[in-house]
Amino acid sequence: DTAVSQTPKYLVTQMGNDKSIKCEQNLGHDTMYWYKQDSKKFLKIMFSYNNKELIINETVPNRFSPKSPDKAHLNLHINSLELGDSAVYFCASSQVVGSYEQYFGPGTRLTVT
Amino acid sequence: DAKTTQPTSMDCAEGRAANLPCNHSTISGNEYVYWYRQIHSQGPQYIIHGLKNNETNEMASLIITEDRKSSTLILPHATLRDTAVYYCIVRVSQGTYKYIFGTGTRLKVLA
Chain A
891 DTAVSQTPKY
901 LVTQMGNDKS
911 IKCEQNLGHD
921 TMYWYKQDSK
931 KFLKIMFSYN
941 NKELIINETV
951 PNRFSPKSPD
961 KAHLNLHINS
971 LELGDSAVYF
981 CASSQVVGSY
991 EQYFGPGTRL
1001 TVT
Chain B
9 DAKTTQPTSM
19 DCAEGRAANL
29 PCNHSTISGN
39 EYVYWYRQIH
49 SQGPQYIIHG
59 LKNNETNEMA
69 SLIITEDRKS
79 STLILPHATL
89 RDTAVYYCIV
99 RVSQGTYKYI
109 FGTGTRLKVL
119 A
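Listed in order, the protein sequences are those of chains A and B.
Using our numbering, you'd call the opening residue of the first sequence number 891 and step up by one each time.
Using our numbering, you'd call the opening residue of the second sequence number 9 and step up by one each time.
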């Protein structure tokens, strides 16, 4: 009965590859987010979707493309991976758009070699 | 965007109350105090939030001073599983901020 789930938990890949991370929430929330957590533990918002519509795109390279097939899912596809993309990526959801009462997934640790 | 100040680390004995302070002296009238925690290698976990009244839920209590310039998160009976980094952040209830979380307080619950 996990509220927000992400797969895979770990992802190791080489530069130049394309990879996807999947996220699903069963909380019935309307809004979902992708965050990137760097080595200093700062959590930076990347994207936010509300009812399958993109509402925040925080100057993320267009190699990153989120896709929301329905409001319970928000996947992140990354093209042409670079070393600097190595980080932990978190998916989150909230009942109301922009709310800071957010529920996070367990994270995906991406390592680009 | 009100900044927050928290101690870098704290220890607490298992079974005792853990009191985590946060200073937010520049908080605006419409900004809430939110608390999150992050257990090692897990996703951040929402704990509680409040505007000016004290709040309590199944996880913790939040005490906000009358002038709203500081607050305390109370875990009434800390367990080893409460060992985590606790983040106090100040935000309007709905909005867009580029970053959330800062350095936080590393709470270690001791057996």
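Every residue gets a Cβ at the ideal spot worked out from N, C-alpha and C, and that includes glycine.
Remember, predicted model here, so these are calculated numbers, not experimental data.
To the nearest angstrom, how far is the alpha carbon of residue i from that of residue j?
| i | j | result |
| --- | --- | --- |
| S69(B) | K77(B) | 17 Å |
| L917(A) | Q992(A) | 11 Å |
| K957(A) | D75(B) | 44 Å |
| K909(A) | I35(B) | 41 Å |
| Y900(A) | Y979(A) | 10 Å |
| L88(B) | E66(B) | 17 Å |
| Y94(B) | G974(A) | 27 Å |
| P29(B) | L81(B) | 6 Å |
| D90(B) | C96(B) | 16 Å |
| P898(A) | T73(B) | 43 Å |
Among the residues of its own chain, which have a CB less than 7 Å from the CB of residue i, if the five just before and after it don't count?
| i | result |
| --- | --- |
| E914(A) | S895, A962, H963 |
| M936(A) | W924, Y925, K926, E948, V950, F954 |
| Y54(B) | Y44 |
From the DSSP output, which residues share a beta bridge with residue i?
| i | result |
| --- | --- |
| E63(B) | L70(B) |
| S910(A) | H967(A) |
| L118(B) | A21(B) |
| V978(A) | Q927(A), R999(A) |
| R99(B) | Y40(B) |
Count the other CB atoms, across all protein chains shown, that sit within 10 Å of the CB of residue i; report buried if there are 16 or more and exposed otherwise.
| i | result |
| --- | --- |
| T16(B) | exposed |
| E1004(A) | The shown model of chain A, from 891 to 1003, leaves out residue 1004(A), and the question about it has no answer. |
| G23(B) | exposed |
| Q904(A) | exposed |
For residue i, which residues from the same chain have a beta carbon less than 6 Å from its beta carbon, with the 5 sequence-adjacent residues on both sides left out?
| i | result |
| --- | --- |
| N62(B) | I71 |
Please return the same chain residues whose Cβ sits closer than 8 Å to the Cβ of residue i, not counting the five positions on each side in sequence.
| i | result |
| --- | --- |
| M18(B) | A26, L28, T113, R114, L115, K116 |
- Query: Which runs of the beta strand (DSSP E) spanning at least 3 residues fall entirely within the region 940-975 of chain A, listed in chain order?
  - Reply: Every beta strand (DSSP E) of 3 residues or more that sits fully in the region 940-975 of chain A is shown, in chain order, as 943-947, 954-960, 963-968.
- Message: What ranges does the alpha helix (DSSP H) occupy inside the region 21-56 of chain B, keeping only unbroken runs of at least 4 residues that lie completely in it?
- Response: The region 21-56 of chain B contains no complete alpha helix (DSSP H) run of 4 or more residues.
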